[in-house]
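**Student:** Here you go, one structure.
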Amino acid sequence: MSRDGHLALGPDHALHDRYAAQSPCLYLIRPDGYIGYRARPPDGDALLQYLAQTLGLTAALDKSPRPGA
Numbered sequence: 205m206s207r208d209g210h211l212a213l214g215p216d217h218a219l220h221d222r223y224a225a226q227s228p229c230l231y232l233i234r235p236d237g238y239i240g241y242r243a244r245p246p247d248g249d250a251l252l253q254y255l256a257q258t259l260g261l262t263a264a265l266d267k268s269p270r271p272g273a
């Protein structure tokens with residue numbers, strides 16, 4: 205996916221072939237080319253949770269109201 209949330213596909217579908225993506229799925233490819241996260245079917249909320257945990261941002265996912273808010 206591009207930064208604006210659109211699907212990023214090459215004209216030859218090389219990434220589909222490389223990662224054997226044959227059904228709706230979501231892959232997070234690390235800069236070193238390894239798969240950091242994968243979901244079949246795509247689950248954006250689970251990806252956000254994975255990123256928050258991996259990056260130590262678990263407070264960002266806490267949706268409970270804060271005292272005094």
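Numbering (our numbering), first residue to last: 205 to 273.
For each residue, glycine too, the CB sits at the ideal point set by N, CA and C.
On a predicted model such as this, the values are computed, not experimentally measured, just so you know.
(1) Whose C-beta lies closer than 8 Å to the C-beta of Ser-227 among residues of the same chain, with five residues either side of it excluded?
(2) I need the boundaries of the beta strand (DSSP E) containing Gly-237, first residue and last residue.
(3) Return the residue from the list Asp-247, Leu-251, Pro-215, Arg-222 that minimises the CA-CA distance to Tyr-238.
(4) If you run the structure through DSSP and keep just helix, strand and coil, what is Tyr-241?
(5) Let me make sure I understand the geometry here. Which of Asp-236, Arg-242, Pro-235 has the alpha-carbon closest to that of His-220?
**Tutor:** Looking at the coordinates:
(1) Arg-244, Pro-245
(2) Run containing Gly-237: none; DSSP gives neither H nor E here.
(3) Arg-222
(4) strand
(5) Arg-242
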